[in-house]
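Peer 1:
Protein chains: 2
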Amino acid sequence: MAGKVTVLRLSHRRSRDVRVTSHCALVSRAFGADGFLLCGERDEAMLLSANKAARKWGGGFGADYCDNPRKFAREFDGAKVHLTMYGLPLMAEIGKIRRRLAKENLLVIVGSEKVPAEFYGIVDFNIAVGSQPHSEVAALAVFLHELFEGRELEKKFANAKIRIIPSQNGKNVEKT
Amino acid sequence: MAGKVTVLRLSHRRSRDVRVTSHCALVSRAFGADGFLLCGERDEAMLLSANKAARKWGGGFGADYCDNPRKFAREFDGAKVHLTMYGLPLMAEIGKIRRRLAKENLLVIVGSEKVPAEFYGIVDFNIAVGSQPHSEVAALAVFLHELFEGRELEKKFANAKIRIIPSQNGKNVEKT
């Protein structure tokens with residue numbers, strides 16, 4: 001049985017990061033992670049909004065705080081990945097990470113600005129989604145997309161109140 | 177010979193979108209697009225920053241304004257894709273889009289809030305990177321990642337002033 005995937009977002013700052021962190025939470029859910037943990041400044045509105053979206057669109061995803069990310073990451077029982085442009089190439093490493101997830105839980109750490117050096121040593125994998133500057137939102141999405149080999153895009157979300165019927169023209173939304 | 181890929185970002189608002197739009201521009205470059213066009217509010221700082229990153233990290237990428245996105249999209253000579261959660265599934269459609277890119281240029285439209293209905297009709301493909309709410313940054317990254325089949329992550333950027341040497345521990349940066 002496969003493990004669960006939790007995304008840990010470091011160093012959130014309410015004023016600056018609200019949209020990027022919200023996108024990280026939504027991406028975590030939409031690309032198949034089970035949970036999202038917010039570190040840094042407390043931001044009730046951001047968490048409420050992520051959990052509200054999860055209830056509306058379905059699935060078992062939940063977002064919560066993590067007060068001590070160092071302790072949490074150190075003591076996490078499972079495989080640990082840190083997404084960083086300085087790490088090893090995603091495509092070369094993802095097979096190993098998939099095999100770890102097949103038998104244990106997985107923690108995926110995404111930073112904001114500077115990630116404390118300590119985290120590079122706590123994790124099992126420092127992974128670069130390309131060695132170019134871009135976006136933690138993009139890195140997280142492409143990482144999860146490769147982890148689940150594209151199947152996450154067909155995931156069914158249980159108990160959804162609303163669902164989109166794919167369409168070439170316009171918007172086709174079903175209320176359930 | 178393959179065509180060029182241009183990303184068109186609709187409806188930018190300086191106050192609200194600066195980081196998300198910047199992430200879209202950086203993702204466009206890092207995931208292999210050739211150019212980025214900003215629509216909506218003029219934002220010199222955002223474009224300067226994207227072009228500065230491109231000079232520092234190398235490659236031929238450039239970011240610029242587009243004053244009339246409707247006209248630009250209508251008259252664009254090539255295949256046109258709009259990324260929207262209401263569209264057809266990425267994985268079912270991407271093969272067709274790759275074949276179009278093999279012989280012509282490609283325009284990729286990403287919206288901000290509400291995209292005017294007109295754009296759904298202007299494009300050849302309305303594509304959903306999952307039919308769940310998440311992020312235009314994520315949608316763009318995963319779309320380009322599938323378009324280039326992962327090869328974009330190994331792209332060499334010519335004339336880079338700085339380059340990362342992938343590493344499991346810490347940061348290994350080479351100035352060239």
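Line order of the protein sequences matches chains A and B. The first sequence: position 163 = 163 (this note's numbering), numbered continuously. Offset between the second sequence (1-based) and this note's numbering: plus 176. Beta carbons are placed, not taken as given, at the ideal position from N, Cα and C, and that holds for glycine.
Throw me the rounded Cβ distance for the A:I109 and A:L8 pair, which I believe falls under 8 Å.
Peer 2: Taking the first sequence and counting its residues from 1, one reaches residue 109 of chain A at position 109. Taking the first sequence and counting its residues from 1, one reaches residue 8 of chain A at position 8. Going by Cβ atoms, the distance from A:I109 to A:L8 rounds to 5 Å, so yes, they are a contact pair.
Peer 1: Work out the CA separation of B:S187 and B:R218 for me, nearest whole Å.
Peer 2: Taking the second sequence and counting its residues from 1, the one referred to as residue 218 of chain B is at position 42. Taking the second sequence and counting its residues from 1, the one referred to as residue 187 of chain B is at position 11. One C-alpha to the other measures close to 10 Å.
Peer 1: Give the range of the beta strand (DSSP E) segment to which A:N126 is assigned.
Peer 2: On the first sequence, residue 126 of chain A is found 126 positions in, with the first residue counted as 1. Element bounds for A:N126: 125-128.
Peer 1: Whose C-beta lies closer than 7 Å to the C-beta of A:H145 among residues of the same chain, with five residues either side of it excluded?
Peer 2: As a first step, residue 145 of chain A must be located in the first sequence, where it is residue number 145. Once the five neighbours on either side are set aside, the close Cβ partners of A:H145 are F31, E152.
Peer 1: Taking B:F252 as the reference, which of B:I273, B:K228, B:N281 has the closest Cα?
Peer 2: Stepping through the second sequence from its first residue, residue 252 of chain B is reached at position 76. The option with the nearest alpha carbon to B:F252 is B:N281.
Peer 1: Can you tell which of A:S22, A:W57, A:T6 has its C-alpha closest to the C-alpha of A:K156?
Peer 2: As a first step, residue 156 of chain A must be located in the first sequence, where it is residue number 156. When only C-alpha atoms are compared, the closest one is A:W57.
Peer 1: Taking just the CA atoms, how far does B:A239 sit from B:N227?
Peer 2: Mapped onto the second sequence, residue 227 of chain B falls at position 51. Mapped onto the second sequence, residue 239 of chain B falls at position 63. Answer to the nearest angstrom: the Cα atoms are 6 Å apart.
Peer 1: Among residues of its own chain, excluding the 5 on either side of A:K4, which ones have a beta-carbon nearer than 6 Å to its beta-carbon?
Peer 2: Locating residue 4 of chain A in the first sequence gives position 4, counting from the first residue. Same-chain partners within the cutoff: D34, N105.
Peer 1: From A:L90, A:K103, A:C24, pick the residue whose C-alpha is nearest to that of A:M46; which is it?
Peer 2: As a position in the first sequence, residue 46 of chain A is number 46, starting the count at 1. Ranking the options by Cα distance to A:M46, first place goes to A:C24.
Peer 1: Please tell me whether B:A314 and A:A53 are closer than 8 Å, where the distance is taken between their beta carbons.
Peer 2: Mapped onto the second sequence, residue 314 of chain B falls at position 138. Mapped onto the first sequence, residue 53 of chain A falls at position 53. Not in contact: B:A314 and A:A53 (Cβ atoms no closer than 8 Å).
Peer 1: Using three-state DSSP, classify A:I122 as helix, strand or coil.
Peer 2: The residue given as residue 122 of chain A occupies position 122 in the first sequence. In the structure shown, A:I122 sits in a helix (DSSP, three-state: H, G or I).
Peer 1: How would you label B:P245, buried or exposed, when you count the other beta carbons within 10 angstroms and need 16 or more for buried?
Peer 2: Residue mapping note: residue 245 of chain B aligns to position 69 of the second sequence, counting from 1. By the 10 Å Cβ count, B:P245 comes out buried.
Peer 1: Do A:I97 and A:F119 have their C-beta atoms within less than 8 Å of each other?
Peer 2: Position 97 of the first sequence, counting from 1, holds the residue named residue 97 of chain A. Position 119 of the first sequence, counting from 1, holds the residue named residue 119 of chain A. Contact flag unset, no.
Peer 1: Between which two residues does the beta strand (DSSP E) containing A:F36 stretch?
Peer 2: Start at 1 with the first residue of the first sequence, and residue 36 of chain A comes out as number 36. Taken as a continuous stretch (DSSP letters only), the beta strand (DSSP E) holding A:F36 covers 35-40.
Peer 1: Give me, in chain order, the residues of the same chain whose beta-carbon lies closer than 7 Å to that of B:G254; leave out the 5 immediate sequence neighbours on both sides.
Peer 2: Locating residue 254 of chain B in the second sequence gives position 78, counting from the first residue. The answer, listed in chain order, is G179, E280, N281, L282, L283.
Peer 1: Quick one: does A:K156 have its CB under 8 Å from some CB of chain B?
Peer 2: The residue you call residue 156 of chain A lines up with position 156 of the first sequence. With 8 Å as the cut-off, A:K156 does not count as an interface residue toward chain B.
Peer 1: Between the Cα of A:D67 and the Cα atoms of A:G130, A:G60, A:L37, which residue gives the shortest distance?
Peer 2: Mapped onto the first sequence, residue 67 of chain A falls at position 67. A:D67 has its Cα closest to that of A:L37, out of A:G130, A:G60, A:L37.
Peer 1: Which residues in chain B sit within 7 Å of A:G150, going by Cβ to Cβ distance?
Peer 2: Here residue 150 of chain A is taken as the residue at index 150 of the first sequence, counted from 1. The contacting residues are M267.
Peer 1: How big is the Cα-Cα spacing for A:E174 and A:I162?
Peer 2: Numbered from 1 along the first sequence, position 174 holds the residue referred to as residue 174 of chain A. Numbered from 1 along the first sequence, position 162 holds the residue referred to as residue 162 of chain A. Computed Cα separation, rounded: 6 Å.
Peer 1: List the residues that DSSP assigns as beta-bridge partners of B:G238.
Peer 2: As a position in the second sequence, residue 238 of chain B is number 62, starting the count at 1. According to DSSP, which records beta bridges pairwise, B:G238 is partnered with B:G211.
Peer 1: Determine the chain A residues that contact B:M222 at a beta-carbon separation under 8 Å, and present them in chain order.
Peer 2: Residue numbering aside, residue 222 of chain B sits at position 46 when the second sequence is read from its first letter. Chain A residues near B:M222: none, gap ~14 Å exceeds 8 Å.
Peer 1: In three-state DSSP terms, what is B:T197?
Peer 2: Residue numbering aside, residue 197 of chain B sits at position 21 when the second sequence is read from its first letter. Looking at B:T197 - three-state DSSP - the assignment turns out to be helix.
Peer 1: Considering only residues of the stretch 241-317 of chain B, which uninterrupted beta strand (DSSP E) runs meet the minimum length of 3 residues and lie entirely inside it, listed in chain order?
Peer 2: Here the runs fully enclosed are 255-265, 282-286, 301-304.
Peer 1: Starting from A:T6, follow its DSSP beta bridges and name the residues at the other end.
Peer 2: Stepping through the first sequence from its first residue, residue 6 of chain A is reached at position 6. Looking at the DSSP assignment, A:T6 forms a beta bridge with A:G35, A:L107.
Peer 1: With a cut-off of 8 Å, does the C-beta of A:P116 fall near any C-beta of chain B?
Peer 2: Counting from one through the first sequence, the residue named residue 116 of chain A turns up at place 116. With 8 Å as the cut-off, A:P116 does not count as an interface residue toward chain B.
Peer 1: According to DSSP, what are the bridge partners of B:I338?
Peer 2: Sequence index remark: in the second sequence, residue 338 of chain B carries index 162 (1-based). B:K351, per the DSSP bridge assignment.
Peer 1: Would DSSP call B:S187 helix, strand or coil?
Peer 2: Indexing the second sequence from 1 puts residue 187 of chain B at position 11. Here B:S187 sits in strand by DSSP.
Peer 1: So A:K161 contacts chain B; which residues on that side make the cut at Cβ distance below 9 Å?
Peer 2: Numbered from its first residue, the first sequence carries residue 161 of chain A at position 161. Going along chain B, no residue has its Cβ under 9 Å from A:K161, so there is no contact; the nearest lies around 13 Å.
Peer 1: In whole angstroms, what separates the C-alpha of A:A160 from that of B:P309?
Peer 2: Taking the first sequence and counting its residues from 1, the one referred to as residue 160 of chain A is at position 160. Taking the second sequence and counting its residues from 1, the one referred to as residue 309 of chain B is at position 133. Cα-Cα distance, rounded: 13 Å.
Peer 1: Out of A:S15, A:R16, A:T84, which has the shortest C-alpha to C-alpha gap to B:K397?
Peer 2: Any property of residue 397 of chain B remains undetermined from this structure, which presents chain B solely from 177 to 352.
Peer 1: So which residues on chain B does A:H12 lean against when the C-beta distance must stay under 9 Å?
Peer 2: Here residue 12 of chain A corresponds to residue number 12 of the first sequence, with the count starting at 1. Simply none; closest approach about 13 Å.
Peer 1: Applying a beta-carbon distance threshold of less than 7 Å, which residues of chain B neighbour A:V142?
Peer 2: For the purposes of this step, residue 142 of chain A is taken as the residue at position 142 of the first sequence. The contacting residues are A317, V318, H321.
Peer 1: Check whether the Cβ of B:S191 lies closer than 8 Å to any Cβ atom in chain A.
Peer 2: Here residue 191 of chain B refers to the residue found at position 15 of the second sequence. So, not an interface residue.
Peer 1: Between the alpha carbons of B:S343 and A:S135, how many angstroms are there, rounded?
Peer 2: Numbered from 1 along the second sequence, position 167 holds the residue referred to as residue 343 of chain B. Numbered from 1 along the first sequence, position 135 holds the residue referred to as residue 135 of chain A. When rounded, the distance between both Cα atoms is 19 Å.
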